[in-house]
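Student: If you use the numbering used here, the sequence shown corresponds to residues -7 to 328, in order.
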Amino acid sequence: MNDSMNSILITGGTGSFGNAFVKRLLTLKDVPSRIVIYSRDELKQYEMRQRFPADEYPQLRYFIGDVRDGERLARAMEGIDTVVHAAALKQVPTAEYNPFECIQTNVMGAQNVISAALQQKVRKVVALSTDKACAPINLYGATKLCSDKLFVAANNIKGSREVTFSAVRYGNVMGSRGSVIPFFMERRNSGTLPITDPRMTRFNILLSEGVDLVLTALNKSLGGELFVPKIPSYRITDVATAIGPDCEQKIIGIRAGEKLHEEMITAIDSLQTLETANHFIMIPSHPHRSLTEQIKRFTDFHEAELVPEGFSYCSETNDQWLTVDDIRNLIETQIF
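1) Run through DSSP, which three-state label would methionine -7 get?
2) Would you tell me roughly how many angstroms separate the C-alpha atoms of leucine 142 and glutamine 103, rounded to the nearest one?
3) Is the Cβ-Cβ distance between threonine 184 and lysine 242 less than 8 Å?
4) Take the Cβ of glutamate 254 as the centre, count every other Cβ of all protein chains shown within 10 Å, and call the residue buried at 16 or more, exposed below.
5) Give the secondary structure of phenylalanine 303 by DSSP, where H, G and I count as helix, E and B as strand, and everything else as coil.
6) Let me know the alpha helix (DSSP H) ranges lying completely inside the region 244 to 310, each 4 residues or longer, listed in chain order.
7) Given a cut-off of 8 Å, decide if leucine 210 and threonine 74 are closer than it, judged by their beta-carbon atoms.
8) Grab me the residues of valine 23's own chain with a C-beta within less than 7 Å of its C-beta, minus the 5 sequence neighbours each way, in chain order.
9) Three or more beta-carbon pairs under 8 Å between the region 122 to 141 and the region 44 to 58, yes or no?
10) Based on DSSP bridge pairs, tell me the residues matched to asparagine 164.
11) So, with DSSP's three-state summary, where would you put isoleucine 0?
12) Give the secondary structure of histidine 312 by DSSP, where H, G and I count as helix, E and B as strand, and everything else as coil.
13) Hey, quick one: how far does the beta strand (DSSP E) through alanine 146 stretch, first residue to last?
14) For the beta strand (DSSP E) that isoleucine 223 lies in, which residues bound it at each end?
15) What's the C-alpha gap between glycine 202 and alanine 119?
16) Could you spell out the range, first to last residue, of the alpha helix (DSSP H) harbouring serine 171?
17) Measuring alpha carbon to alpha carbon, tell me which residue in Pro85, Ser121, Gly216 is nearest asparagine 147.
18) Within the same chain, show all residues whose beta-carbon is closer than 8 Å to that of serine 277, passing over the 5 residues directly before and after it, in chain order.
19) Using a Cβ-Cβ cut-off of 8 Å, state whether aspartate 311 counts as contacting chain D.
20) To the nearest angstrom, how far is the alpha carbon of valine 317 from that of alanine 234?
21) Can the beta-carbon of alanine 12 be found less than 8 Å from the beta-carbon of serine 200?
22) Could you give the uninterrupted runs of the beta strand (DSSP E) lying entirely in the region 21 to 75, keeping only those of 3 residues or more?
23) Measure the C-alpha to C-alpha separation of aspartate 292 and threonine 86 and round it to an integer number of angstroms.
24) Leaving out the 5 sequence neighbours to the left and right, which residues in its chain are closer than 7 Å to leucine 1 when beta-carbon positions are compared?
25) Taking the straight line between their C-alpha atoms, what separation do you get for isoleucine 106 and asparagine 270?
26) If you run the structure through DSSP and keep just helix, strand and coil, what is isoleucine 235?
27) Hey, would you say leucine 110 sits closer than 8 Å to arginine 153, going by beta carbons?
28) Just to confirm before moving on: does the CB-CB distance between isoleucine 257 and cysteine 126 stay below 8 Å?
29) Can you tell me the Cα-Cα spacing of valine 4 and serine 182, whole angstroms?
30) According to the neighbour-count rule (16 or more other Cβ atoms, all chains shown, within 10 Å of its Cβ), is lysine 288 buried or exposed?
31) If we ignore side chains and look at the alpha-carbon of each, how far apart do methionine 36 and threonine 193 end up?
32) Looking only at its own chain, which residues have a Cβ that is under 6 Å from the Cβ of valine 144, when we skip the five neighbours before and after it?
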């Protein structure tokens, strides 16, 4: 871990990612001296304390607070070196029905995190994004695209502060709350699994891989990058077959705001996208540097290459696929 990461704050720290990230931090050779969980649900904080008892893990601190509250965020970030921003409203139907509530948390909350980090002289900030932020067709995706833009642009207003802001974008986390696998597992005894559209594909990532990606962004970023992992796709029908091989797959139709296939990098993005062995890295524009200068600066730093013009990264055209057996094996190794 980077030497500057002695104290870390995680917004939305009681969620699936936060629990996995904290678990990983506690196994590192140099465990941070302070790990602050910032979230608004006291019950989830209580449950997290049971998983990580205070007498065994004195590094952990818990702050009740909402990312909508900039003053509380600033107080929580006192003495913090590193911030991982995972708090968000993430349910597509909920966002469609409650649009401004989603904007308040995902957009205004993102700006509050940035402002507090600048005020408290935080050194590293990484925000979690989503594949739905790429060419968004629903409000949730649109708010996360706004959030991405805010974190990238924050590097332009840092002044003389030694801080970098970056983001990570990845697909559906296998087994996370609200995802399709736990839903199918709950429904398989009914004999029927609902399928929105048999053509549907999605990217898939394990929680542990999401943690790896965030650590990569924390340890190696110039500022303004959006890191995208190379991960496999799956077909929704294959997930249903892996979980309920004898179940009927009932087609119910695609939901409002839902895509058939997810995209993480568009063809337009290819002009500013680099490739390494394990990642794609979308690099920022700069108000005082040409695109050519930016590309050279980031390719040299990351030892990367510019992707071909017109390249896109979509779950439908991905070159990595999970088979039914792959999905079944992964489910057996995860805890749902």
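Backbone N, C-alpha and C fix where the C-beta goes; we use that ideal spot for every residue, glycine too.
Tutor: The relevant details are as follows:
1) Legend: pLDDT at methionine -7 = 49, less than 50; position of this residue unreliable, no value from coordinates given.
2) Near 7 Å, if we compare the C-alpha coordinates of glutamine 103 and leucine 142.
3) yes
4) buried
5) coil
6) 283 to 294
7) yes
8) Only Leu17, Gln51 meet the Cβ criterion.
9) no
10) Asn196
11) DSSP, reduced to helix, strand and coil, places isoleucine 0 within a strand of the structure shown.
12) The residue you asked about is not histidine; residue 312 is glutamine in the sequence shown. Glutamine 312: coil per DSSP, three-state reduction.
13) Where alanine 146 is concerned, there is no enclosing beta strand (DSSP E), given that its DSSP letter is neither H nor E.
14) Neither: isoleucine 223 is in no beta strand (DSSP E) and is coded neither H nor E.
15) 12 Å
16) Neither: serine 171 is in no alpha helix (DSSP H) and is coded neither H nor E.
17) Checked all of Pro85, Ser121, Gly216; the closest Cα to asparagine 147 is Gly216.
18) Gln264, Leu283, Gln286
19) Absent here is chain D; the protein component of the structure consists of one chain.
20) The question names valine, yet the displayed sequence has aspartate at residue 317. Aspartate 317 and alanine 234: Cα-Cα distance of roughly 7 Å.
21) yes
22) 26 to 31, 52 to 56
23) 43 Å
24) Val28, Tyr30, Ala68, Met69, Ile72, Val75
25) 28 Å
26) helix
27) Contact: yes.
28) yes
29) Note that residue 4 corresponds to glycine in the displayed sequence, not to valine. For glycine 4 and serine 182, the distance between alpha carbons rounds to 34 Å.
30) By the beta-carbon neighbour count (other beta carbons within 10 angstroms, threshold 16), lysine 288 is exposed.
31) The displayed chain sequence assigns lysine, not methionine, to residue 36. Cα-Cα distance, rounded: 32 Å.
32) Gly216, Pro276
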